[in-house]
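Protein chains in written order, with the numbering used here: chain A, 470 to 953; chain B, 609 to 1117. Ideal Cβ positions, reconstructed from N, Cα and C, are used throughout, including at glycine. Remember, predicted model here, so these are calculated numbers, not experimental data. Some notes on the structure that comes next.
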Amino acid sequence: VNASAYTSLLIWLPVAGAILIWFLPLSRYATGSVALLFSFAEVGLWIKQAAHFDFSQSGLQMSQQANWFGDLGVSYHVGVYGFSLWLVGLTVVGMAACTAYGFWVGRDRPRAYFGLMLLLTGATVGVFEAQDLLLFYAFFEAMLIPLYILIGVWGGARRMEATVKFVIYTMAGSLLMLAAIIAYGLQAGTFDLVSGPTSGSRWLFLGFMLAFVIKAPLFPFHGWLPDAYREAPPEVAAVLSGVIAKAGLYGMLRIAITKFPEPTSFYRTAVLALAAAALVYGSLLAFRAPDFRGVVAYSSLAQSGLIALGLFAGTDLGFDGAVLQMVAHGLISISLFLIAGAVERRTTTGEFRLLGGMARGRPALATLLMVVGVISLAVPGSASFAGEFLILAGVYQRAWWWAVIGAAAIVLAAMYMLRLISAVLHEARGSTVSDEALDLRPGELALVVPLVAGLLFLSAWPAGISNHSFFGPSPTAAVRSQFK
Amino acid sequence: VTLHTPPIDWFGLSPVLTLIGTSFAALLCAVLVPRAVRRFAGVGIAVAGFIAGIVLAVWLYVDTPDGHTIAAGAYYRDRWTSLGQIILLAVGLATTLLAVEHMPGWSRDADPSRRDDHVAEFLALLLASAAGMAFFVGAANLITLFLSLEWFSITLYVMCAIDYDLEGSLEAGLKYLIVGSFGAATLLFGSALVYGATGSVSFGGIADAIGAQGLTGDTFVVVGIALIIAGLSFKMSAAPFHMWTPDVYEGAPTTVTAWMSSATKVAAMLLTFRLMTTAFPDNQHLWGWAFAIIATISLAIGNFAALVQQNVKRILAYSAIAQAGFMLIGLSTGSALGARALMYYLIPYSAAAFGSFAIIAARERELGVPVTLENLAGFGWERPFLGVAMWFFVFGFAGLPLTGGFVGKFYVFAAAYDHGWVWLVIVGVLATLVSLYYYLAIVRAMYMRPSEELQVLPGGGVAVSGGAPARERLLHVAVGAALIVAVGSLFAVQPLIDLAEHAAGSLPL
Chain A
470 VNASAYTSLL IWLPVAGAIL IWFLPLSRYA TGSVALLFSF AEVGLWIKQA AHFDFSQSGL
530 QMSQQANWFG DLGVSYHVGV YGFSLWLVGL TVVGMAACTA YGFWVGRDRP RAYFGLMLLL
590 TGATVGVFEA QDLLLFYAFF EAMLIPLYIL IGVWGGARRM EATVKFVIYT MAGSLLMLAA
650 IIAYGLQAGT FDLVSGPTSG SRWLFLGFML AFVIKAPLFP FHGWLPDAYR EAPPEVAAVL
710 SGVIAKAGLY GMLRIAITKF PEPTSFYRTA VLALAAAALV YGSLLAFRAP DFRGVVAYSS
770 LAQSGLIALG LFAGTDLGFD GAVLQMVAHG LISISLFLIA GAVERRTTTG EFRLLGGMAR
830 GRPALATLLM VVGVISLAVP GSASFAGEFL ILAGVYQRAW WWAVIGAAAI VLAAMYMLRL
890 ISAVLHEARG STVSDEALDL RPGELALVVP LVAGLLFLSA WPAGISNHSF FGPSPTAAVR
950 SQFK
Chain B
609 VTLHTPPIDW FGLSPVLTLI GTSFAALLCA VLVPRAVRRF AGVGIAVAGF IAGIVLAVWL
669 YVDTPDGHTI AAGAYYRDRW TSLGQIILLA VGLATTLLAV EHMPGWSRDA DPSRRDDHVA
729 EFLALLLASA AGMAFFVGAA NLITLFLSLE WFSITLYVMC AIDYDLEGSL EAGLKYLIVG
789 SFGAATLLFG SALVYGATGS VSFGGIADAI GAQGLTGDTF VVVGIALIIA GLSFKMSAAP
849 FHMWTPDVYE GAPTTVTAWM SSATKVAAML LTFRLMTTAF PDNQHLWGWA FAIIATISLA
909 IGNFAALVQQ NVKRILAYSA IAQAGFMLIG LSTGSALGAR ALMYYLIPYS AAAFGSFAII
969 AARERELGVP VTLENLAGFG WERPFLGVAM WFFVFGFAGL PLTGGFVGKF YVFAAAYDHG
1029 WVWLVIVGVL ATLVSLYYYL AIVRAMYMRP SEELQVLPGG GVAVSGGAPA RERLLHVAVG
1089 AALIVAVGSL FAVQPLIDLA EHAAGSLPL
């Protein structure tokens, strides 16, 4: 098979899987198995893609282009760069784990559920691979549809408010992005991201950024986040914070920063301030949150802020660190949400005042939560330590006080993470924790352990990502050349 | 006295003539064919008529690269006409399939054996209204425009009221008759003023007279254009000429609503675009702004009014008003890009409008009461195919990338931007955002409440959920075809745009 076929296959294979599942009247077990098969096939495809990727070569790789509608210069153009390769990997691995979790807990109406999960996989991969603005937008919007139904049907008691808020917030941003896309594309005469020129328009930059800061999210555009993360089923919350949020950050890197260099430097301080605010505010809220998912949700807000800090530092170290941290935090938050789901299944609640003392007699749960928690609070030697260190060093080169704010927030991260660990695992036994509540079952371990293994691997070799995301020694040069 | 008859290009008129002919045949069938096979025969005639019409329209499209008027300048034989007719007749064919299982008027006869009494009359009316619309999109002067408008309007009045034992149906027919007649009178008055000022009724002649005599600012011409715009806006159900739409769409038998909501809009939009760009090119600054403002009002009223509705047919009616607003964005530019945008937009729109009402018809049959958000609960799980089709249609209306509605919105916004109207793009974007709320409400109602919550116990207290729904094979075929067109148009944009571009090539842009 031609190597560039992997790019399209990664997008359309899960979509085909979804359609297959909707049409075949299979049993619950068979449906889950087929879905899982497709998810694993995705991971396999991605490994093949990564194996074919040539890190010593500049520009877009494994690209495919076909006419969509030529009179406005819109095409189906897909391909990968180093950084998008890692994000695609995060997507397929994360989605496979979350699909498997759905199978494990036995979601109702399996055909609808698994079909939507596969559709979500395809759409998200599409976001990271699209090299045409309208195609990017189509996938960006397409992610919303399965998410809306997944949360609305399988979510918690207050899912209606959560979905409405989530959809209206994100669509508000992305529709203005559509206006910006039209303006950019018609001015440039093409909607192609690779060949399209840079633009100096600040309005267009703001149009794009609004969509991305809502998706990521950054302070003060995170109004949808706590409800969506609490009401979604745990595996969907995991996808939201681990993968979907990265689409917003990816958009900042691939479109806002790359295509709008002048507005980027004009608004740099403003965006850095928002990012720093998200970092500090998110960390403080995470420290105050009364429940497991609340902590993880707000810590995702903080981490989005940190990554945006790295991206908008506009320095080599900042870019490298941001990509590494996107992947590391993706794996961390997926693991944490899946563990949160496991805890909630055993105790019916995630509230700290009803939890506690779960470590006793549950060594696997305790060990896994400890390991993920410790990596998440960026203990030296961990993947997120490497990522955060790079980001802080990068933003320090911009101005020292950003690094001071960032470092302070990392201390807060240690506080909220340790609070989470002790509230769930230690302290007096909570009223909802019964002796019958089992340790993690082999099935659950099989979901989370590979993610944690990935994190440990990245901890051992963070350069695997940070050195292989951008062509050449200087990411800023790569950005300036628009990745051509 | 010798009467000089003009030479007639019968082939150019053949799609319309075929429909008229089959309409007569259907009427005869109502009288001559025994009741037992009347439905079969009537439907056979209608299907044959629509398919023959489509084939002829396709043939004419291929055969007419250079558009011209025929029948003494009364009718355009060109690709704009033919493509419009193909869309219209395809909807007509789908409506026929829907009507087999959802024949308007069946509720009139409690005795099931008498239900087929008036089948053929309905199909004759459907064919006649399709013929009127097919002629309307090709009208080349103000006389044929008015005649064909009345032609399809009168048949639609009857079709709305055909279920005359139903409370809403008669009311819908009467309301549509009164408001529609008012609209037609307005149009006629405007036509008279324009004729008075220019001395010509043909579109081309009006443009020549306005250009040659410098009549762009002439009071009669300006007022005439305003009245013509108002009259046509009634037909396309654009605000503030929309007052009849929710009541008529709600009251009319749902099969008729499905036909009206998609076909009337296609015909009115295409004719209006041609009339404005052909007859009044020099007044573009006037009608461009007028339509931009009407678009804005339609988007505002349609979307905000839809938010508070509970009846699904009314929601879709207000959504149709808002959709008219989006189409008018493309129309108001009067550019080649606007023409392509409008033509493309109508393809997924007509499929989705027809399909969504067809699905409502199925639910209505099941419940025996009007469909509301409340009693739509659980529908998506009970009838998975119709449920999935419905969320494709409404998400397509909302412009999410599931159907060609996404590309259609993109195109009309691009046309507005290209025209220099960024404000109109922003208006459209904000309107889309508002519309999401009620489109999502439909999906929410179908999927996100368990059907056990359903309180409605129709006819004798039989619980709805759990009971096996009717099979309705042809309805599924019609909805499936609409779904294929709606989704397919997202992928096959280039071929459709090529068609639209060739069609727009017939217009003097």
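Three or more beta-carbon pairs drawn from the region 793-808 of chain B and the region 835-853 of chain B are found closer than 8 Å, and the two stretches are therefore classed as touching. Residue environment for proline 849/A: exposed (fewer than 16 other C-beta atoms within 10 angstroms of its C-beta). One Cα belongs to tyrosine 669/B, the other to isoleucine 614/A, and the distance between them is close to 38 Å. Between lysine 1017/B and leucine 1098/B, the alpha-carbon positions lie close to 11 Å from each other.
Counting C-beta atoms within 10 angstroms of its own C-beta, glutamate 857/A has 16 or more neighbours from the protein chains shown and is therefore classed as buried. Boundaries for phenylalanine 619/B: no beta strand (DSSP E) harbours it, and the DSSP string shows neither H nor E there.
Here lysine 715/A is near methionine 795/A, since their CB atoms are less than 8 Å apart. By alpha-carbon distance to arginine 576/A, the top candidate from Leu800/A, Arg699/A, Ile620/A, Phe552/A is Ile620/A. The Cβ atoms of leucine 587/A and glycine 486/A sit closer than 8 Å to each other. Annotation for arginine 685/B: the continuous beta strand (DSSP E) segment containing it runs 683-685. In this structure leucine 879/B touches phenylalanine 744/B by the C-beta definition: roughly 6 Å separates them, less than 8 Å. Close to chain A, meaning a Cβ-Cβ distance shorter than 8 Å, are the following residues of the region 1079-1105 of chain B: Val1101, Gln1102, Ile1105. If you compare the alpha carbons of Met629/A, Ala782/A, Ala581/A with that of arginine 1052/B, the shortest gap goes to Met629/A.
Contact check for serine 1043/B and alanine 930/B: beta-carbon distance about 6 Å, within the 8 Å limit, so the pair qualifies. As computed with DSSP, histidine 726/B is found in no beta bridge at all. Under the Cβ criterion of 8 Å, leucine 554/A is not counted among the residues facing chain B. At a cut-off of 8 Å, the C-beta of valine 622/A has a neighbouring C-beta in chain B. Residues of chain B whose Cβ lies closer than 7 Å to the Cβ of glycine 539/A are, in chain order, Gln1102.
Under the three-state reduction of DSSP, isoleucine 678/B is assigned to strand.
Between phenylalanine 828/B and the set Pro848/B, Tyr953/B, Tyr803/B, Ile967/B, the nearest pair of CA atoms involves Tyr803/B. Boundaries for asparagine 891/B: no beta strand (DSSP E) harbours it, and the DSSP string shows neither H nor E there. Sequence-distant Cβ neighbours of alanine 1111/B in its own chain, meaning closer than 7 Å and more than five residues away, are Arg687, Trp688, Leu691, Met951. The residues Leu837, in chain order, have a CB closer than 8 Å to that of valine 918/A in the same chain once the five nearest residues on each side in sequence are set aside. With a threshold of 8 Å between beta carbons, valine 874/B makes no contact with chain A. Taking C-beta atoms as the reference points, phenylalanine 583/A and glycine 591/A fail to come closer than 8 Å. Close CB contacts of valine 902/A within its chain, under the 7 Å cut and outside five residues either way in sequence, are with Thr816, Leu824, Gly825, Gly826, Met827 (chain order). For methionine 678/A, none of the residues of chain B pass the 8 Å Cβ criterion, the least Cβ distance being about 16 Å.
The beta carbon of methionine 877/B does not come within 8 Å of any beta carbon belonging to chain A, so the residue lies off that interface. For isoleucine 770/B, no Cβ of chain A is located within less than 8 Å of the residue's own Cβ. Non-local C-beta neighbours of valine 1087/B in its own chain, meaning closer than 7 Å and more than five positions away in sequence, comprise Gly963, Ala966, Ile967, Leu994, Ala997, ordered along the chain.
Comparing alpha-carbon positions, the option among Val484/A, Ile490/A, Asp523/A, Ala707/A lying closest to glycine 941/A turns out to be Asp523/A. Look at valine 745/B here: in three-state DSSP terms it is coil, with no helix or strand label. One finds nothing in chain B with a Cβ atom closer than 7 Å to the Cβ of isoleucine 480/A; even the nearest lies about 13 Å away. Assigned with DSSP and collapsed to three states, glutamate 630/A falls in helix. Distance from the CA atom of serine 870/B to the CA atom of valine 1035/B, rounded to whole angstroms, is 24 Å.
Of all residues in the region 676-700 of chain A, none places a beta-carbon less than 7 Å from a beta-carbon of chain B.
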